[in-house]
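Encoded as structure tokens, the structure appears first; notes follow it.
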Amino acid sequence: MTTATATFGAGCFWGVEARFRKLPGVKEATVGYAGGTTESPTYREVCTDLTGHAEVVQVDYDPETINYEQLLDAFFAMHDPTQVDRQGPDVGRQYRSVIFVHDAAQEAQAKAKVAALASAFSRPIATQVQPAGAFWRAEEYHQRYLEKNAGPFCR
């Protein structure tokens with residue numbers, strides 16, 4: 004079986020990870036940090052909003068079961084792509100709406116999706132499309148956080 008990788012930032016990564024995990028064809032969803040300048044950032048460093056990283060979910064998926072377009076649809080359905088540097092009560096660049104693309108095909112599809120959705124919202128789409136660089140896995144206690152902890156998180 005061939006797998007592919009996609010990386011998305013849609014606010015707090017706990018809820019995003021849980022939603023991607025439920026999709027048929029998603030083999031793994033890992034929370035982490037991308038898009039910043041600090042190597043091996045910690046959660047505390049990312050929360051300062053000084054490293055430039057976004058909280059992201061890296062999705063490994065079976066493209067024969069779920070395609071990138073379907074992942075994009077899920078991404079845009081799980082957050083408000085018009086909010087700039089925030090999602091709900093979470094504020095800061097680390098919560099920005101961003102798609103980190105891994106190749107030219109992903110870039111073309113992501114940009115086309117953003118353009119197609121522009122007319123569906125009354126405010127401009129804030130989602131950034133950027134080349135994927137280093138992905139830094141978040142601390143273990145963040146992995147599968149909502150499975151491990153009960154509470155009113157990421158409603």
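Reminder that position 51 of the sequence shown reads as 54 in my numbering, one-by-one numbering, no gaps. Glycine is no exception: its CB is placed at the ideal position from the N, C-alpha and C atoms. Since this is a predicted model, take the numbers as computed values, not measurements.
* **Contact check, V59 vs F124, beta carbons under 9 angstroms** => no
* **Start and end residues, beta strand (DSSP E) containing Y64** => 57-64
* Asked: Just how far apart, CA to CA, sit R158 and T5?
  -> Only weak support is given to the placement of R158: the predicted model assigns it a pLDDT of 46, under 50, and the value that follows is read from those uncertain coordinates. Taking the straight line joining both Cα atoms gives about 33 angstroms.
* To do: List the whole-angstrom C-beta distance separating R99 from A57, where the pair is believed to meet the contact cut-off of C-beta under 8 angstroms.
  => 5 angstroms
* **Nearest-angstrom beta carbon gap, V34 and A141 [assumed within contact, 8 angstroms]** => 5 angstroms
* Closest by C-alpha distance to Q79, when choosing among Y144, L26, K116, G39 -> Note on residue identity: the sequence assigns Phe, not Gln, to residue 79. Of the listed residues, the one whose Cα sits closest to F79 is K116.
* Report buried or exposed for V87, applying the criterion of at least 16 other Cβ atoms within 10 angstroms of its Cβ. => exposed
* Asked: Measuring CA to CA, which of L53, P66, A21 is closest to A9?
  -> For A9, the nearest C-alpha among the options comes from P66.
* Thinking C-alpha only, which one of A121, F11, F23 is nearest L149? -> F23
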